[in-house]
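Trainee:
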Amino acid sequence: MTRSLRWKGAAFTVPFQLGFVFLYLLPIGYAVHQSLYHEQQSGLGLGGATEEFVGLDNYQQGLTDSKFMGSVLRVVLFACVQIPVMLAVSLVLALFLDALTSKAASRFRIVLLVPYMIPGVVAAIVWLNLYSPDVGPLTPIGDFFGFDWNFFAPSMVWPSIGNLLTWHGIGYNMVIIYSALRGVPRELFEAARLDGASELRVALSIKIPFVRGALVLTGMLSIIQMLQIFNEPALFRNVTPQTVDDSFTPIMIIYNQAFNAGNYHYAATLSVLLALILGVASFLFYRLTSREAD
Amino acid sequence: MTLTEERGAKARTVHRLNRPDPAARSRGGQRFLLVGLALASVYSLFPVWWLIVASTKDRTGLYQSNGLWFSGWHLWDNLEQLFTYEDGIFLRWTANSFLYAGVGSLGGTLLALATGYGLARFQFPGRNLVFACVVGSFLIPIALLTLPLYLLFSEIGLVDTPWAMLIPCLINPFSVYLAKVYTEATIPYELLEAARIDGAGELRIFFSIVLRMMTTGGATVFLLAFVNTWNAFFLPLTVLRGEENWTLNLGLYNWSGKRLESGVDLTSLVLTGALLSIVPMAIMMVAMRRYWRTGVTLGALK
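Just so you know, the sequences run in chain order A and B.
Position one of the first sequence corresponds to residue 2 (this note's numbering), numbered consecutively onward.
Position one of the second sequence corresponds to residue 21 (this note's numbering), numbered consecutively onward.
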């Protein structure tokens, strides 16, 4: 490739590079910079504010902030329950689809993908109303079977949100696992069957190990999303602010620090911390799940 | 492979395609599968069904009748209310959502195609670094970008203008990643060489050959970007203040909180609005089914 051609090729990427610097690198740098400063009110707060360099003080505050670390822990614990459940259901459905004729499978696949097409905010609105004791059908159904369930009670909020996320995510995860499954040569399954393996055995010992990569990937994407969960709790807060307080998830805390408390420096610090936590979590998950595969 | 072997393999393939997997061969096994999938389908569909039914009811019907079945037909009244409430602000939000998602994704797709093409078909210094930035940015949490972006935008006076939504849409690393993958699959080096020998300039090659050959890939990139912007919530919540610039999502979020804030019950409007905001998604998804399915699977391979 000649020199001038190289530069012409590079020119195609220049607009993106400039945009990337302005919309990604600059904001991240700005956040890191802000996280090292503190706003100092001079006098009685009448003389305006000055910025004072405080080094890593904000980080120390963030790491010992029980509200922030509590919200991280809350989301992580929740992820440990919701993600395996969602992936297990998606996996079972993908295995079911795989055993059907392709025509029947494609019909079910479209139906199961319907929730994925619905915007997250709308999905949350729909489920909020389904849960609602006033207009939702779930309360009368519960009455009929003798359950007295309150979906907005403190002990029920996470299961309620978890159900919403599971409903929204099953189709997408199922499609990914299903396509991985279709990529496996069928002869492998045939051979096992000829050797007398039962269908369950074929699924457990051959099919599932083959879609391991897809499971790791969907798991990783779900973890990244979960640590940043915001829309669903924000909408739940609209209905039941006593249960879902404004420090329910890490991003809610960050948003509040920035826009309600006006403490941009601390909000920036917590954003950087969350990014680091996210990086560590993805790395650990990847290491843990890929070790056995080596 | 000898001829007979080949024929045998072909026969096996045909045989295999016409026959369900053995798990489904036994009648009981198949029934088990169908019941399982039918239950999952009911779970997937009943909330949507409920939403459709609910938006045909008036307030009394909404609160007093069985949620899963119709009671009276008030869809037109609800729509009229929705479109006239607060001087038709809902229409304004719809137009905004279309503007941000449409224009933003179109610009973002063009930029992504150019970048993906540059990355895939040219060797220039720094290429690997640019690509590393693209992939690395998938891991950056949205809060880390959005808050400082808000501050930067407010310093240059862009907060609360449509630009605050449109500009971030132009730079989409995931679109760039997809565009690079599609370029690698569809644009052969030989073709570019031939065009160059014929004397075509690089810009001309991009606009009249590459873009044309990338229609399918470009459509997928556009569709996914459109859906993403249409669904966006945190960015508009952060950078848009006045309600005349809001998106549908932001408007519905605000309405759903009104009951608590001021005691105004807008449930009926929220539900009809929610149903309407799904319609464009559904139309696009159905119309572009073959594109977005590849998008979903490719999206997972990143």
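The C-beta atom is built at its ideal place from N, Cα and C for all residues, glycine as well.
Treat the numbers as computed from the prediction; the structure is a model and nothing was measured.
Is B:GLY56 close to chain A? Criterion is C-beta to C-beta, closer than 8 Å.
Mentor: yes
Trainee: Going along chain A, which residues have a C-beta under 7 Å from B:ARG82?
Mentor: First, the amino acid is wrong: residue 82 of chain B is Leu here, not Arg. Those are VAL136, listed as they occur along chain A.
Trainee: Kindly list, in the order they appear in chain A, the residues whose Cβ is closer than 7 Å to that of B:GLY162.
Mentor: The question names Gly, but residue 162 of chain B in the sequence shown is Ile. Ordered by position in chain A, the residues that pass the 7 Å Cβ test against B:ILE162 are GLN229.
Trainee: Taking all protein chains shown into account, do 16 or more other C-beta atoms lie within 10 angstroms of the C-beta of B:LYS77, making it buried, or fewer, making it exposed?
Mentor: Result: buried.
Trainee: Looking only at C-alpha atoms, which of A:TYR60, A:SER161 and A:ILE171 sits nearest to A:ARG110?
Mentor: A:ILE171
Trainee: Starting from the beta carbon of B:TYR311, find every residue of chain A whose beta carbon is closer than 9 Å, and list them in chain order.
Mentor: Those within 9 Å of B:TYR311 in chain A number zero; the least Cβ separation is about 14 Å.
Trainee: Given a cut-off of 8 Å, decide if B:VAL179 and B:ARG261 are closer than it, judged by their beta-carbon atoms.
Mentor: yes
Trainee: Which of the residues in the segment 278-302 of chain B, read from start to end, lie with their CB under 7 Å from any CB of chain A?
Mentor: LEU280, THR287, VAL290, LEU291, ALA294, SER297, ILE298, MET301 and ALA302
Trainee: Here's the rule: buried if 16 or more other CB atoms are within 10 angstroms of the residue's CB, otherwise exposed. What is B:TYR209?
Mentor: B:TYR209 is exposed by the Cβ-count criterion.
Trainee: With 8 Å set as the bound, which would you pick, yes or no: does the beta-carbon of B:THR129 sit closer than that to a beta-carbon of chain A?
Mentor: no
Trainee: Per DSSP, what kind of secondary structure is A:ALA50 in: helix, strand or coil?
Mentor: Under the three-state reduction of DSSP output, A:ALA50 falls in the strand class.
Trainee: Quick check on the burial criterion: 16 or more other C-beta atoms within 10 angstroms. Buried or exposed for B:ARG141?
Mentor: buried
Trainee: Only counting the same chain, and skipping five residues up and downstream in sequence, which positions put a Cβ closer than 6 Å to that of A:TYR287?
Mentor: There are no such residues.
Trainee: Is the CB-CB distance between B:GLN143 and A:ARG7 below 8 Å?
Mentor: Taking C-beta atoms as the reference points, B:GLN143 and A:ARG7 count as a pair closer than 8 Å.
Trainee: With 8 Å set as the bound, which would you pick, yes or no: does the beta-carbon of A:VAL245 sit closer than that to a beta-carbon of chain B?
Mentor: no
Trainee: Per DSSP, what kind of secondary structure is B:GLN50 in: helix, strand or coil?
Mentor: helix
Trainee: Can you list, in chain order, the residues of its chain with a C-beta nearer than 8 Å to that of A:GLU191? Leave out the 5 residues immediately preceding and following it.
Mentor: Same-chain partners within the cutoff: there are none.
Trainee: Using beta carbons (cut-off 8 Å, strictly below), is A:VAL122 in contact with chain B?
Mentor: yes
Trainee: Just to check my reading of the structure: B:SER64 and A:LEU113 have Cβ atoms closer than 8 Å, yes? What is that Cβ distance to the nearest angstrom?
Mentor: 5 Å
Trainee: Starting from the Cα of B:ALA205, find the closest Cα among B:ASN274, B:GLY238, B:VAL55 and B:LEU102 and give me that residue.
Mentor: B:GLY238
Trainee: What in chain A is Cβ-close to B:LEU11, meaning under 7 Å?
Mentor: Coverage of chain B is limited to positions 21 through 322, which leaves residue 11 of chain B absent and any answer about it impossible.
Trainee: Across which residues does DSSP place B:TYR105 in a beta bridge pair?
Mentor: BP columns for B:TYR105 are empty, so no partner.
Trainee: Could you check which residue in B:ILE187, B:LEU102, B:PHE103 and B:LEU99 has the C-alpha nearest to that of A:GLY20?
Mentor: B:ILE187
Trainee: Using three-state DSSP, classify A:HIS169 as helix, strand or coil.
Mentor: helix
Trainee: Leaving aside the five residues before and after B:LEU126 along the sequence, list all residues of the same chain whose C-beta is less than 8 Å from its C-beta, in chain order.
Mentor: PHE242
Trainee: Less than 8 Å between CB atoms is the rule here; does B:SER276 satisfy it with respect to chain A?
Mentor: It does; some Cβ of chain A falls within 8 Å.
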